[in-house]
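One point on numbering: in my numbering, the residue at position 52 of the sequence shown is 62, and numbering is uninterrupted. These notes are about the structure you will find just below.
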Amino acid sequence: LPPALNPGDGRSARLLRHAVAGPLRFTLKHYSPMFEQGEHEHPHAVIDLVVGGHGRGRYGVAERVSQPGAVEFFGARVGHTFRSGAVGIRTLHMSFDPSLAPPACADVHAPRAFGLLCQVLERLVDNAGGDSDLESLGLELVGCLRQADPFRVGGQGG
Numbered sequence: 011l012p013p014a015l016n017p018g019d020g021r022s023a024r025l026l027r028h029a030v031a032g033p034l035r036f037t038l039k040h041y042s043p044m045f046e047q048g049e050h051e052h053p054h055a056v057i058d059l060v061v062g063g064h065g066r067g068r069y070g071v072a073e074r075v076s077q078p079g080a081v082e083f084f085g086a087r088v089g090h091t092f093r094s095g096a097v098g099i100r101t102l103h104m105s106f107d108p109s110l111a112p113p114a115c116a117d118v119h120a121p122r123a124f125g126l127l128c129q130v131l132e133r134l135v136d137n138a139g140g141d142s143d144l145e146s147l148g149l150e151l152v153g154c155l156r157q158a159d160p161f162r163v164g165g166q167g168g
């Protein structure tokens, strides 16, 4: 079995694949049904692709619903909560230093990012492609980030 994300509780989440490429970290994770994370934040920024399942949570002050195919951006040091749905949720995360993102970034160009994330997922699952392939794809993903739109709240990709 893949290692548990939290060694003290292998029932909550499982790390299915993992790779580091330059300044980027890629993880494919599965969270168990009704897995719940209370208020927390991360020192790094994240672009996520929901591969399967669903969940919901709060990011900053906005409600987020995560469903298959959703591409989401989570900025560094922003408080958030999460609860997976009845079948759990499987996600591909790309985390990176927030200094790589544009200033005041709050959104991701989802159609472009979706295709790039699918390529990353394929390489992770098949263990194909080298670190340079993943790093190139990841840096293209960072290029999908957009500055905040003052007329949109919640940072949902579109």
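Every residue, glycine too, gets a C-beta built ideally from N, C-alpha and C.
Residue i, enclosing beta strand (DSSP E) - first and last residue
i   : result
E82 : V81 to F84
V61 : A55 to Y69
R87 : That residue, R87, is in no beta strand (DSSP E); it is neither H nor E in DSSP.
E51 : No beta strand (DSSP E) holds E51; DSSP gives it neither H nor E.
F36 : L34 to Y41
S76 : A72 to S76
Length of the line joining the Cα atoms of residue i and residue j
i    : j    : result
P43  : L102 : 17 Å
S94  : V56  : 18 Å
G165 : V118 : Bear in mind that the predicted position of G165 carries a pLDDT of just 41, short of 50, making it too unreliable to give a figure here.
G62  : R87  : 26 Å
P78  : E51  : 23 Å
L155 : A111 : 7 Å
Which ranges does the beta strand (DSSP E) cover as unbroken runs of at least 3 residues, wholly within the segment 104-140, from first to last along the chain?
-> 115-118
Are the segment 142-155 and the segment 24-40 touching by the rule of at least three beta carbon pairs closer than 8 Å?
-> yes
Any contact of the segment 121-131 with the segment 67-78, i.e. 3+ C-beta pairs under 8 Å?
-> no
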